[in-house]
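> Take a look at this one; I'll ask things after.
Number of protein chains: 2
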Amino acid sequence: MKLYDENMPAPNPRKVRIYLAEKGITVPTERVRMMKREHKAPEFMAKNSLGQVPVLELDDGTYLSESIAICRYFEALHPEPPLFGRDAREQAFVEMWMRRAEFRLWGPAGQVWINDDPRTAMVNPNQFPDYGARNRKIVAGAMTWLDGELADGRAWLAGENYSMADIVLLCGIDFAKFVNMDMPEDAKHLRAWHERVSARPSARA
Amino acid sequence: MKLYDENMPAPNPRKVRIYLAEKGITVPTERVRMMKREHKAPEFMAKNSLGQVPVLELDDGTYLSESIAICRYFEALHPEPPLFGRDAREQAFVEMWMRRAEFRLWGPAGQVWINDDPRTAMVNPNQFPDYGARNRKIVAGAMTWLDGELADGRAWLAGENYSMADIVLLCGIDFAKFVNMDMPEDAKHLRAWHERVSARPSARA
Numbered sequence: 232m233k234l235y236d237e238n239m240p241a242p243n244p245r246k247v248r249i250y251l252a253e254k255g256i257t258v259p260t261e262r263v264r265m266m267k268r269e270h271k272a273p274e275f276m277a278k279n280s281l282g283q284v285p286v287l288e289l290d291d292g293t294y295l296s297e298s299i300a301i302c303r304y305f306e307a308l309h310p311e312p313p314l315f316g317r318d319a320r321e322q323a324f325v326e327m328w329m330r331r332a333e334f335r336l337w338g339p340a341g342q343v344w345i346n347d348d349p350r351t352a353m354v355n356p357n358q359f360p361d362y363g364a365r366n367r368k369i370v371a372g373a374m375t376w377l378d379g380e381l382a383d384g385r386a387w388l389a390g391e392n393y394s395m396a397d398i399v400l401l402c403g404i405d406f407a408k409f410v411n412m413d414m415p416e417d418a419k420h421l422r423a424w425h426e427r428v429s430a431r432p433s434a435r436a
Numbered sequence: 232m233k234l235y236d237e238n239m240p241a242p243n244p245r246k247v248r249i250y251l252a253e254k255g256i257t258v259p260t261e262r263v264r265m266m267k268r269e270h271k272a273p274e275f276m277a278k279n280s281l282g283q284v285p286v287l288e289l290d291d292g293t294y295l296s297e298s299i300a301i302c303r304y305f306e307a308l309h310p311e312p313p314l315f316g317r318d319a320r321e322q323a324f325v326e327m328w329m330r331r332a333e334f335r336l337w338g339p340a341g342q343v344w345i346n347d348d349p350r351t352a353m354v355n356p357n358q359f360p361d362y363g364a365r366n367r368k369i370v371a372g373a374m375t376w377l378d379g380e381l382a383d384g385r386a387w388l389a390g391e392n393y394s395m396a397d398i399v400l401l402c403g404i405d406f407a408k409f410v411n412m413d414m415p416e417d418a419k420h421l422r423a424w425h426e427r428v429s430a431r432p433s434a435r436a
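Quick note, the sequences are listed as chains A and B, same order. To convert, take the position in the first sequence, counting from 1, and add 231; that gives the working numbering. To convert, take the position in the second sequence, counting from 1, and add 231; that gives the working numbering.
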């Protein structure tokens with residue numbers, strides 16, 4: 232196997248690295264330099280026709296894309312410790328919280344990134360900055376909503392166990408900060424959760 | 232258990248209904264009338280603070296949101312026939328294709344729906360029709376890309392077995408059509424796949 236990876240701040244490769252660090256799995260890695268547009272080069276597009284990182288090359292020579300799909304593949308091969316839930320109920324709630332983090336936070340943060348950030352203006356000259364600004368408000372609202380959901384005092388996003396949902400939200404929050412959207416000052420439950428997740432050694436992966 | 236459901240054209244509840252039909256599972260159901268904004272009423276918001284359908288009430292009284300999370304819960308309880316993949320490899324590729332259908336097709340189609348459709352203008356008065364128009368092109372591009380991916384002649388989106396990925400893409404394509412974005416005329420592989428998936432009795436669920 233071989234993982235095609237990229238460094239910070241790319242949030243999707245980071246999800247996989249944190250997951251692997253939590254599981255204690257080591258995979259041979261090749262860096263794809265996005266700043267040099269290596270992910271859009273024909274050689275890489277043959278591995279993932281969407282030109283996105285990460286990609287996992289399997290031992291049979293096929294290529295697997297999508298960070299969560301890559302993590303699920305490792306989860307099936309190495310079930311312990313479980314990061315996608317321990318039983319049917321927990322698996323469902325991990326899935327629910329991953330998706331809530333993606334649709335509520337990652338989605339609008341991505342809209343800001345492509346429409347209202349000077350660093351993407353070169354590859355995306357037709358930005359819609361007003362729509363980006365609207366989505367900044369949606370991201371702030373999502374963070375406030377998450378803060379309310381975490382107010383019940385649970386330690387981790389999907390319940391009593393650290394899971395892939397925490398990894399997805401951590402990378403989403405940190406990516407939002409990279410696009411100049413930090414957590415609201417008064418979001419104390421979300422901030423406490425973020426501190427807890429960031430304190431794990433895996434967060435530096 | 233009880234499923235909070237809504238009729239066509241709502242695409243997310245439809246995913247769950249098709250899944251249940253394929254599995255032969257029957258669940259007591261209560262309809263949430265979105266046209267009457269019942270999904271935003273306090274009674275329903277207490278079940279899902281995002282005010283979205285579907286929701287599954289579990290036997291222990293907790294509420295599970297997100298259509299894929301609901302289907303995964305049923306999959307863990309009723310593994311046969313497998314719709315999320317038969318082994319580690321197939322599970323990973325089902326996940327990959329679900330996500331590609333969601334991020335490439337559902338995402339931009341949703342941007343069109345909220346920004347450039349007269350039927351959402353009432354609840355979303357600050358539409359960005361130019362951005363909606365941009366996303367119409369992105370949807371068309373995604374359909375052309377999917378057509379190319381299906382050109383290898385495989386019967387189903389994730390490979391040799393019908394799966395949840397087919398359900399997600401079917402509901403996405405049909406939702407896009409509802410927002411006036413049909414498959415390109417020359418997308419013959421995608422159209423053949425769509426005909427094949429639509430011919431299954433579950434597609435009428």
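In this text, a Cβ means the ideal position worked out from N, Cα and C, and glycines have one as well.
1. Where do the ends of the alpha helix (DSSP H) carrying Y362/B lie?
2. Determine the direct distance from the alpha carbon of F315/A to that of G403/A, and round the result to whole angstroms.
3. Would L308/B pass as an interface residue toward chain A - the criterion being a Cβ-Cβ separation below 7 Å?
4. Can you tell me whether S429/B is buried or exposed, with buried defined as 16 or more other CB within 10 angstroms of its CB?
5. Buried or exposed: where does P312/A fall if 16 or more other Cβ atoms within 10 Å of its Cβ makes it buried?
6. Can you pull the DSSP bridge partners for E288/B?
7. Run the CB neighbour count on D237/B, radius 10 Å, all protein chains shown included, and call it buried at 16 or more, exposed below.
8. Exposed or buried, M266/B, counting other C-beta atoms within 10 Å across all chains shown (16 or more means buried)?
9. I'd like to confirm the pairing. Which residues does DSSP put opposite R262/A in its beta bridges?
10. What is the DSSP secondary structure of G282/B, counted as helix, strand or coil?
11. Using only the alpha-carbon positions, how far apart do S390/B and T260/B sit?
12. Would you verify that the beta carbon of R453/B is, or is not, closer than 7 Å to some beta carbon of chain A?
13. Between which two residues does the alpha helix (DSSP H) carrying P313/B extend?
14. Any contact between the stretch 373-386 of chain A and the stretch 418-435 of chain A? By contact I mean 3 or more CB pairs, one from each, below 8 Å.
15. Show which residues of chain A have a CB atom less than 9 Å away from the CB atom of S296/B.
16. Under 7 Å between C-beta atoms, does Y250/B make it to chain A?
17. Nearest-angstrom Cα distance between R365/A and G384/B?
18. Kindly list, in the order they appear in chain B, the residues whose Cβ is closer than 8 Å to that of E380/A.
19. Using 7 Å as the limit for Cβ to Cβ distance, is F406/A near chain B?
20. Determine the chain A residues that contact G338/B at a beta-carbon separation under 8 Å, and present them in chain order.
21. Interface residues of chain A around G323/B at Cβ under 8 Å?
22. Shorter than 7 Å from the beta carbon of A319/B to some beta carbon of chain A?
23. Comparing C-alpha positions only, which one of R427/B, K246/B, L289/B and V370/B sits nearest to M395/B?
24. For A323/A, tell me which candidate among W344/B, A323/B, A300/B and R317/B has the shortest Cα-Cα distance.
25. Between which two residues does the alpha helix (DSSP H) carrying K246/A extend?
26. If you follow the alpha helix (DSSP H) that K419/A is part of, which residue opens it and which one closes it?
27. Among residues of its own chain, excluding the 5 on either side of V325/B, which ones have a beta-carbon nearer than 7 Å to its beta-carbon?
28. Using CA atoms only, rank isn't needed, just tell me which of R422/A, V410/A and K233/A is closest to P349/A.
29. With 9 Å as the C-beta to C-beta threshold (strictly closer), list the residues of the stretch 368-393 of chain A near chain B in chain order.
30. Quick one: using the 10 Å Cβ neighbour count with 16 as the cut-off for buried, is D347/A buried or exposed?
31. Could you give the first and the last residue of the continuous alpha helix (DSSP H) run that contains D405/A?
32. Could you have a look at G384/A and say whether DSSP puts it in helix, strand or coil?
33. If contact means a Cβ-Cβ distance below 8 Å, which residues of the stretch 349-370 of chain B contact chain A?
According to the data block:
1. P360 to E380
2. 18 Å
3. yes
4. exposed
5. When all chains shown are included, P312/A counts as exposed.
6. Answer is K233/B and Y294/B.
7. Looking at the sequence shown, residue 237/B is not Asp but Glu. E237/B should be labelled buried.
8. exposed
9. D236/A
10. Coil at G282/B, not helix or strand.
11. Going by the sequence as given, residue 390/B is Gly instead of Ser. About 32 Å.
12. Residue coverage of chain B in this structure runs from 232 to 436, which leaves residue 453/B outside it and unanswerable.
13. Taken as a continuous stretch (DSSP letters only), P313/B belongs to no alpha helix (DSSP H), as it is neither H nor E.
14. yes
15. M327, R330 and R331
16. no
17. 42 Å
18. Within chain B, S280 have C-beta atoms less than 8 Å from the C-beta of E380/A, given in sequence order.
19. no
20. G338
21. Here the sequence assigns Ala to residue 323/B, which means Gly is not the residue at that position. Contact of A323/B with chain A by beta-carbon distance below 8 Å involves L295, A300, I301, R303, Y304 and A307.
22. yes
23. Ranking the options by Cα distance to M395/B, first place goes to K246/B.
24. A300/B
25. P242 to K254 is the span of the alpha helix (DSSP H), which, as asked, contains K246/A.
26. Start and end: K419 to S429.
27. F315, G316, A389, S394, M395 and A396
28. With distances taken between Cα atoms, P349/A lies closest to V410/A.
29. Of all residues in the stretch 368-393 of chain A, only W376, G379 and E380 place a beta-carbon less than 9 Å from a beta-carbon of chain B.
30. buried
31. According to the DSSP assignment, D405/A belongs to the alpha helix (DSSP H) that extends over M395 to F409.
32. coil
33. N357, F359, D361, Y362 and R365
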